[in-house]
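Asks: Those letters in the sequence shown? Residues 72 to 293, by the numbering used here. Glycine included, C-beta positions come from ideal geometry on N, C-alpha and C. Below: one structure in structure tokens.
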Amino acid sequence: MGKLDGKIALVTGGSSGIGLAAAKQFVHEGAYVFITGRRDPELASAVKEIGHDITSVRGDVANPADLDRLFAQIQREKGRLDVLFANAGVARYAPLGKITEELYDSIFDINVKGLLFTANSVYSATKAAVRSFARTWTTELKDRRIRVNAVSPGPIDTPGLNELLSSSEAGQQRAKMIAATVPLGRLGRPDEIAKAVAFLASDDSSYVTGIELFVDGGVAQV
């Protein structure tokens, strides 16, 4: 038996990187998984790679209408949702003084508003700092026996990071510099994050709620 046998799970941003690894791990542990993303080809590739117990739904987590459609489909097809991994996020950088309003809005739309609206589609909540969500929702959802935890990855070797750094020699040097700041001396792997997420989603963590779990090779501790 898997840790998530019979569970219905949703992974936002599930077509690549940490999200894809989490979706694979959830299916491996016995769950049926819905994944979201904004690009059909990547979603189709993820579904093909996982192979079974997986449904993709194209949509933008920053768009409430897309989220309403997503949760309506989950309700229609499965009747419930047991596990939500609000993973969708972006990393975009610009030097101080060159940060535009458009860049600011695009990052906050996905990383903050998208997270809030995704959870809000399951249950209404009104707090506004990403790292406080787990603590806030732990209290608000305790009577419904819903546990809420946050996972904070360190630098992870994902397509998103590779795209950010580029494949140039300078980009590779930056990757080495980042790895050198990690006490374990390397970038993390998506499957290492996925296993931590699967633990928090399973009954193995039945007495764990409201925490921020750092899966970062020790970065937060130094």
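Tell me whether P261 is buried or exposed, calling it buried when 16 or more other Cβ atoms sit within 10 Å of its Cβ.
Replies: Residue numbering aside, residue 261 sits at position 190 when the sequence shown is read from its first letter. When all chains shown are included, P261 counts as buried.
Asks: Less than 8 Å between C-beta atoms, sequence neighbours within five positions excluded: which residues of the same chain meet that for R216?
Replies: The residue given as residue 216 occupies position 145 in the sequence shown. None.
Asks: Would the region 139-146 count as touching the region 112-123 if we require 3 or more Cβ pairs under 8 Å?
Replies: No contact exists between the region 139-146 and the region 112-123.
Asks: Quick one: using the 10 Å Cβ neighbour count with 16 as the cut-off for buried, is Q96 buried or exposed?
Replies: For this step, residue 96 is matched to residue 25 along the sequence shown. Buried: at least 16 other Cβ atoms inside 10 Å.
Asks: Apart from the five residues just before and just after D34, which ones in its own chain have a Cβ nearer than 8 Å to its Cβ?
Replies: This structure gives no information on residue 34, because the portion of the chain shown stretches from 72 to 293.
Asks: Which residue's Cα is closest to the Cα of R110: H123, T83, L271?
Replies: As a position in the sequence shown, residue 110 is number 39, starting the count at 1. It is T83 whose Cα lies nearest to the Cα of R110.
Asks: Since A80 is in the beta strand (DSSP E), which residue starts that stretch and which ends it?
Replies: Position 9 of the sequence shown, counted from the start, is the residue given in the question as residue 80. Run containing A80: 79-82, per the beta strand (DSSP E) assignment.
Asks: Return the CA-CA distance between L152 and Q243, expressed in angstroms with no decimal places.
Replies: As a working mapping, residue 152 is identified with position 81 in the sequence shown. As a working mapping, residue 243 is identified with position 172 in the sequence shown. Approximately 41 Å, taken between the alpha carbons.
Asks: According to DSSP, simplified to helix, strand and coil, what is T107?
Replies: To locate residue 107, count along the sequence shown from 1; it is residue 36. If DSSP states are grouped into helix, strand and coil, T107 belongs with the strands.
Asks: In whole angstroms, what is the alpha-carbon distance linking A251 and R129?
Replies: Against the sequence shown, residue 251 aligns to sequence position 180. Against the sequence shown, residue 129 aligns to sequence position 58. Those two C-alpha atoms are separated by around 37 Å.
Asks: Looking at C-alpha atoms only, which residue of L155, L255, V253 is the closest neighbour of V219?
Replies: Start at 1 with the first residue of the sequence shown, and residue 219 comes out as number 148. For V219, the nearest C-alpha among the options comes from L155.
Asks: Counting only runs that start and end within the region 93-151, where is the beta strand (DSSP E) found for 3 or more residues in a row?
Replies: The region 93-151 contains these whole beta strand (DSSP E) runs: 103-108, 125-129.
Asks: Between which two residues does the beta strand (DSSP E) containing P224 stretch?
Replies: As a working note, residue 224 is residue 153 in the sequence shown. From DSSP, the beta strand (DSSP E) with P224 extends over 221-224.
Asks: Using the Cα positions of A269 and E148, report the straight-line distance between them to the nearest angstrom.
Replies: Reading the sequence shown from its first residue, position 198 is the one you call residue 269. Reading the sequence shown from its first residue, position 77 is the one you call residue 148. Straight-line Cα distance between these residues: approximately 23 Å.
Asks: Quick one: Cα of N158 to Cα of V104, how far?
Replies: Here residue 158 refers to the residue found at position 87 of the sequence shown. Here residue 104 refers to the residue found at position 33 of the sequence shown. About 14 Å.
Asks: State the Cα-Cα distance for the pair V293 and G90, rounded to the nearest angstrom.
Replies: The count along the sequence shown starts at 1 and reaches residue 293 at position 222. The count along the sequence shown starts at 1 and reaches residue 90 at position 19. Roughly 27 Å separates the two Cα atoms.
Asks: CA-CA distance, L255 and V132?
Replies: The sequence position of residue 255 within the sequence shown is 184, counting from 1. The sequence position of residue 132 within the sequence shown is 61, counting from 1. Rounded to whole angstroms, L255 to V132 spans 33 Å at the Cα level.
Asks: In three-state terms, what does DSSP make of V286?
Replies: As a position in the sequence shown, residue 286 is number 215, starting the count at 1. Of the three classes helix, strand and coil, the one that applies to V286 here is strand, per DSSP.
Asks: Leaving out five residues before and five after T280 in sequence, what residues of the same chain have Cβ atoms less than 7 Å from its Cβ?
Replies: Residue numbering aside, residue 280 sits at position 209 when the sequence shown is read from its first letter. T209, R218, V219, N220.
Asks: Near D287, what residues of its chain come up, given a Cβ to Cβ distance below 8 Å and the 5 sequence neighbours on each side ignored?
Replies: The residue labelled residue 287 in the question sits at position 216 within the sequence shown. Counting only Cβ-Cβ distances below 8 Å, and skipping sequence neighbours, we find S223, P224, G225, P226, V253, G259.
Asks: Use the C-beta contact count for E234: other C-beta atoms within 10 angstroms, 16 or more gives buried, fewer gives exposed.
Replies: Locating residue 234 in the sequence shown gives position 163, where the first residue counts as 1. So E234 ends up on the exposed side.
Asks: Give every residue of the same chain whose Cβ lies closer than 8 Å to the Cβ of R245, excluding the five residues on either side of it in the sequence, and list them in chain order.
Replies: Your numbering for residue 245 matches position 174 in the sequence shown. Closer than 8 Å at the Cβ level, and outside the excluded window around R245, lie L236.
Asks: On the criterion of 16 or more Cβ atoms from any shown chain inside 10 Å, does E100 qualify as buried, or is it exposed?
Replies: If you number the sequence shown from 1, residue 100 lands on position 29. So E100 ends up on the buried side.
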